[in-house]
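Numbering (our numbering), first residue to last: 1 to 566.
We put the CB at the ideal spot given by N, CA and C, even for glycine.
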């Protein structure tokens, strides 16, 4: 289960994290307020989740494993995992189809107890056979004693509602990835397919609260199940999904009340959208991931820790935040969300990152590098710098010139802004052909996930080729690597030990400055209160985010929404 496969699944379920440049056809025939009175909520979604392909047509497929074409949006309303990720303590597990999971003392065996009151939308009983099938497909063939293979033996059941996974190594953190990316599929449907990767699932059978009602290329309708195991959903009775169009189009449609709920944004959305109508609301719900500058730590000049600190401390993240203007959270200099990790932060990394000009200049002096005519020099060698930016990433395009300007102003260093096509950018990233690049810096899902990319073993060329992260090739200290392994192997519910390890890790990470994590990522959510009420605000969220491009969150959201019947 490589990072490449995880990215593929993320692309499948991210139905609206970026607003695609597509036409918004299929006009709404009934007013939003009239639909709300009937329990119908309208979602504006990206027809091609995870990419901007220019189409305004939904695919007729709900198989997230299909090898070509992708799946329809909002699959989290049909498919469900054993557990979902909450916002608590940096990401904890909450039961969904699974009641509990217990690990053996060595962390190599997971025993799952399943709910016994769940039915699939076709009336069939959900049981251990579905989990055994789904997890064996996820993990692949077992190979005992092989540390590069997940399973020691195939996943098996001990009764109708108990499933056991035996791993080749301690794997207590695996439930995070299973919750994020891998829902349980109906064995009685999918096991019959000769090639799951080619199976076009036009009539999805799920355990979630919705079943497919109608499909057309520009309108998908889901109806809420009366027999949903999670209880009756009072307000929402039907979900209508339409292509969301360009950023301007979707904001206009929401303002008119034709679309009730969408995701995405883009630079300036925090100001432009909310100013269009008092009923418009836009918020960012931190996920725990961060974005920023990665240094190429394996070669000069940024193999020098003091130089990295100088470049980090020269950055004023509030200026970048104001320039992008999407309302995101500024993380700590150690790459942690102040909201999600509030109980796990420690000095000096217990506050959002700030500019420190004096520290930046002192670190530059201590690094041994000088600046001559805007160019870094040391021992007679010059190091001209460029900042690589993916031209597909609109917010990075805004941040890049601000960063270059701040480095020039504080350190006197000229850094050339280097906009690259998506293909060239990713090719250079994979080959480590850069000195400074804007990319992901820490990651979401759990405290362990935050830093797992920086495990020393991920520096192995084979793992780098598979996209395991840490493209900057930062060599974490032996102490830090040991702490990461400890964090990987402790039970997910041991919050005291987790907090202790995260506090120690964030100091190691922050003191070495392998990245500049200036931007907190999360779900960018737009809605109007014209037709529906009940969307929770970020400071009130500790259990779920009101997004429909994940597993768990959309179900929790529709449970709390109520139609505005005035």
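Cβ neighbours of residue 481 within its own chain (closer than 6 Å, five residues either side excluded): 456. By a beta-carbon distance limit of 8 Å, residue 118 contacts residue 126. Their separation comes to about 4 Å. The residue from 234, 260, 246 and 74 with its alpha-carbon nearest to that of residue 41 is 260. Rounded to the nearest angstrom, the gap between the Cα atoms of residue 100 and residue 115 is 9 Å. Within 10 angstroms of the beta-carbon of residue 520 lie 16 or more other beta-carbons, which makes it buried.
For residue 409, the secondary structure class from DSSP, reduced to helix, strand or coil, is helix. Collapsing the DSSP output to three states places residue 418 in a strand.
Exclusion of the five residues before and after residue 533 leaves 562 and 564 as the residues of its chain whose Cβ lies within less than 6 Å of its Cβ. Closest in alpha carbon position to residue 331, among 522, 394, 190 and 193, is 522. The DSSP assignment places 156 to 159 and 162 to 166 as complete runs of the beta strand (DSSP E) inside the segment 116 to 174, in order along the chain (cut-off: 3 residues). When 212, 391 and 448 are compared, the shortest CA-CA separation from residue 489 is found for 448.
Under DSSP, residue 527 takes part in a beta bridge, and its partners are 261 and 281. Annotated three-state conformation of residue 101 is strand, per DSSP. Residues 445, 446 and 449 of the same chain have their beta carbon placed closer than 6 Å to that of residue 176, with the five preceding and five following residues left out of the count. When C-alpha distances from residue 517 are compared across 155, 219 and 353, the shortest belongs to 353. A straight line joining the alpha-carbon of residue 383 with that of residue 491 spans about 46 Å. Nearest to residue 152 by C-alpha distance, out of 158, 161, 136 and 159, is 136. The alpha-carbon separation between residue 80 and residue 544 amounts to approximately 15 Å.
For residue 502, the enclosing alpha helix (DSSP H) starts and ends at 495 to 512. Remark: C-beta atoms of residue 210 and residue 194 do not approach each other more closely than 8 Å.
A Cβ-Cβ separation of about 6 Å places residue 233 in contact with residue 558 under the 8 Å criterion.
Rounded to whole angstroms, the separation of the alpha carbons of residue 395 and residue 526 is 17 Å. The beta-bridge partner set that DSSP reports for residue 290 consists of 442 and 520. When secondary structure is reduced to three states using DSSP, residue 481 falls in the helix class.
It is roughly 9 Å from the alpha-carbon of residue 412 to the alpha-carbon of residue 406. According to the DSSP assignment, residue 32 belongs to the alpha helix (DSSP H) that extends over 32 to 37. The C-beta distance from residue 82 to residue 131 rounds to 7 Å, short enough to meet the 8 Å contact threshold.
The beta carbon of residue 33 sits closer than 6 Å to the beta carbons of 531 from its chain, once the five residues preceding and following it are set aside; these are given in chain order.
In its chain, beyond the 5 residues on either side, 360, 406, 407, 410 and 411 have a beta carbon closer than 6 Å to the beta carbon of residue 314. An exposed status is given to residue 343, since fewer than 16 other beta-carbon atoms sit within 10 Å of its beta-carbon. Look at residue 320 here: in three-state DSSP terms it is helix. Per DSSP, the unbroken alpha helix (DSSP H) holding residue 272 starts and ends at 269 to 272.
Considering only 283, 189 and 91, the residue with the shortest C-alpha distance to residue 546 is 283. The beta-bridge partner set that DSSP reports for residue 45 consists of 243. The beta carbon of residue 277 lies closer than 6 Å to those of 255 in the same chain, with the five residues before and after it left out. Look at the beta carbons and you see the segment 305 to 324 touching the segment 362 to 370: at least three pairs across the two are nearer than 8 Å.
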